[in-house]
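Working notes for the structure below.
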Amino acid sequence: MGVWKWRHPLRAAYRLLGRRYPRAMLLAQFQLSYLVVLGGVGLLRVYQPMSPGQLWTIAAVAVGLVAVENAFAVAIAFRLVGPAVAWLRGRRDPRSTVAAWRALTGLPRNFFGYRRAWAIVLNLVPISVFIVVLLGLPWYSLFALVAGSGVVLLYASTLRFFGMELIMRPVLADVSRALPDGADLGRPPIPLRLKLMAGLPAINIITGVVVAGLSTTGQAGLDDLGIDVLVAVVVAFTISLELTMLLSRSIVEPIDDLRRATDRVIAGDLGARVNVVSNDETGALAVSFNQMVAGLQEREKLRDAFGTYVDPQLAERILAEGTTLEGDELEVSVLFLDIRDFTAWAERSSAREVVGTLNEFYEHVVPVLRRHAGHANKFIGDGLLGVFGAPDRHDDHADRALAAALEIAELVRREYGDRLRIGIGVNSGPVLAGTIGGGGRLEFTVIGDAVNTAARVEAATRLTGDDVLVTGATRALLRREPPCEFAARTDVELKGKSEPVRLWACTPVSAALATAKPLP
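Here the numbering used here is used: position 236 in the sequence shown is 1035, and no number is missing along the way.
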């Protein structure tokens, strides 16, 4: 635990301070300004002779001006970080979470874009004027002092900018885990390329002036300070600029490639890959990305194969909820279909012909079930068990089952004519739906009298000569006007039933209505 705190002090501080962390850390960070300004006063002593009393007077005034500026800075920073503090206090609805994330990521930019002219008014100009007056310097010395003070201000601002980014990362990590999927996070406040193009020249200017001051031999003057600042600025934006641009490109371009590839993956292109153009951290990241996408591609192949052997609706639910779907008692409609006289035909045909005919037949039938939100639960040779209302529940499962039965009957008449006849039985009632099996082999199925009755009703079509028979239970659950006319059949004795069951033949009103449109 102690090692963890040493390696991640900000995370440890976040855990310790909790919701007080953002404002407490901002307040602590602003105290660094006093050290920076005292360092600037010490550097001034290299360029301008002064007595110890004058040195301490300048230091005291500079610290006082920083204290005034800090008061304004703290008030602004506390206001900008307000949405994040509200989130930490418990306001964690999706809108507040996005607002907190934007407040934290945009904090440095918004802070420095918020009336920053007052920093110059409160610090840079007053201290420069005070030094000129205190030391009795000529008025033109003001320009060199303003330039030198500007370098100190640039150093303090750079520390604040990147310090704000760094200290807010533990909170950002916490907020990011609660971001809603698909949240609009907007454009980045300051792109990485711009940070590098601005930050690296700033570092060159600051270090150039400090090194020039510390390496001065003999007594330098304020004119030398102005020249040193000017030279540092010129070098930063000429000689060093090319190196800055090269470094920026070497970092940003691989990240841009990765972002574009990620966008392609989000759009569904799992063939996207990133070129590995280096062996540093960005190269390792590209390798990891390619391995991840290859894994996703392999998983998608498995999903497609899984969906081939398991109904797609069921496959999606298993992938989302796991392999075990708990048994649930619910009301469904069951469609049982069988090809008449298929056994006799199969005995006269080759195995290849039988399998080919069945596959062709189911290629027509299964999509009809899916269009009506049903799924093929079992293929039993030349028979099929379709279920409506499980695993995805639909209150109008009876309407969907009847519409699918009528469409299948018409489709078979149209595609096969007298070559192939079918019988369809539709029944509704309570069943137990869930996964059943063992030894690593599971199957989603429905169990109950409603299923057995549907199979018996299909068998009754051979006695009545109808293509589609439905039970009174299904007819009673219809919520819409059916696209057919019901004709009562004499009570039929079904195997396993102690009393005859009233069945209804469903005759399409017209050929147009027979091809029933899928329900929304």
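The beta-carbon is built from N, C-alpha and C at its ideal position, and this holds for glycine as well.
The structure presented is a predicted model; accordingly, all values stated were derived computationally and were not measured.
Item                                                                                                                                                                         : Value
Quick one: give me the first and last residue of the alpha helix (DSSP H) that L952 is part of.                                                                              : S940 to I966
Decide if N1078 is buried, meaning its Cβ has at least 16 other Cβ atoms within 10 Å, or exposed.                                                                            : exposed
Going by the CB atoms, is the gap between G1082 and V1092 shorter than 9 angstroms?                                                                                          : no
Rounding to the nearest angstrom, what Cα-Cα distance links L1302 and H1174 in this structure?                                                                               : 24 angstroms
What's the call for Y939, buried or exposed, on a 16-neighbour Cβ count within 10 Å?                                                                                         : exposed
Could you give the distance in angstroms between the alpha-carbon of R1261 and the alpha-carbon of K1100?                                                                    : 43 angstroms
Scan the stretch 801-889 and note each continuous alpha helix (DSSP H) run of 4 residues or more that stays entirely inside, going in chain order.                           : 801-806, 808-816, 820-829, 831-846, 851-879 and 881-887
Would DSSP call A997 helix, strand or coil?                                                                                                                                  : helix
Please report the residue range of the beta strand (DSSP E) in which R1268 lies.                                                                                             : Before going further, note that residue 1268 is Leu rather than Arg in the sequence given. Start and end: V1267 to T1270.
Which residues in the same chain as V896 place their Cβ atom closer than 8 angstroms to its Cβ, once the five residues preceding and following it in sequence are excluded?  : Checking the sequence shown, residue 896 turns out to be Thr, not Val. Cβ neighbours of T896 beyond the five flanking positions: W886, V974, A977, L978, P979 and A982.
Using 9 angstroms as the threshold, is the C-beta distance between F1141 and G1185 below it?                                                                                 : no
Is it right to say N1158 is buried, meaning 16 or more other beta carbons lie within 10 angstroms of its own, or is it exposed?                                              : exposed
Would you report the Cα separation of P808 and A823, rounded to the nearest angstrom?                                                                                        : 14 angstroms
Return the CA-CA distance between S1087 and G962, expressed in angstroms with no decimal places.                                                                             : 29 angstroms
Alpha helix (DSSP H) containing A898: first to last residue?                                                                                                                 : P893 to T904
Quick check: what's the CA-CA separation for G1070 versus T1273?                                                                                                             : 48 angstroms
By DSSP's criteria, H1174 is part of a beta bridge. Which residues make up the other side?                                                                                   : V1186
Return the chain-ordered list of same chain residues with a C-beta closer than 6 angstroms to the C-beta of A1172, the five sequence neighbours on each side being excluded. : H1193 and R1199
Exposed or buried, which one is A1253 when buried takes at least 16 other CB atoms within 10 Å?                                                                              : buried
Taking the straight line between their C-alpha atoms, what separation do you get for V924 and L826?                                                                          : 25 angstroms
Under 9 angstroms, do D1191 and I1223 count as touching if we go by C-beta distance?                                                                                         : no
Bridge partners for R1288 per DSSP, in chain order?                                                                                                                          : L1302
Where do the ends of the alpha helix (DSSP H) carrying V928 lie?                                                                                                             : V924 to L934
Tell me the DSSP bridge mates of D1079?                                                                                                                                      : In the DSSP output, where bridge partners are listed per residue, D1079 has none listed.
Where D1055 and L991 are concerned, what is the direct C-alpha to C-alpha distance, given to the nearest angstrom?                                                           : 10 angstroms
Quick check: what's the CA-CA separation for N922 versus L936?                                                                                                               : 19 angstroms
In terms of residues, what are the limits of the beta strand (DSSP E) holding I1138?                                                                                         : D1127 to I1138
Determine which residues share a DSSP beta bridge with L1231 and list them.                                                                                                  : E1128 and I1246
Could you check the C-alpha separation between A1259 and T1061 for me, to the nearest Å?                                                                                     : 57 angstroms
May I ask which residues mark the beginning and end of the alpha helix (DSSP H) holding I1207?                                                                               : H1196 to Y1215
Just the C-alpha distance for P851 and I1050, rounded to the nearest angstrom, thanks.                                                                                       : 47 angstroms
With H, G and I counted as helix, E and B as strand and the rest as coil, what does DSSP make of F1105?                                                                      : Caution is warranted here: a pLDDT of 49 is assigned to F1105, below 50, making its placement in the model unreliable, and the coordinate value is therefore given only provisionally. Residue state, collapsed to three classes: helix.
Taking C-beta to C-beta, are A858 and L834 nearer than 9 angstroms?                                                                                                          : no
Of the choices R1058, K994 and Q1096, whose alpha-carbon is the least far from that of L1046?                                                                                : K994
Return the Cβ separation of G1182 and D1137 in integer angstroms, given the expectation that the two are a contact with Cβ distance under 8 angstroms.                       : 4 angstroms
With a Cβ-Cβ cutoff of 9 angstroms, do F910 and A872 count as a contact?                                                                                                     : yes
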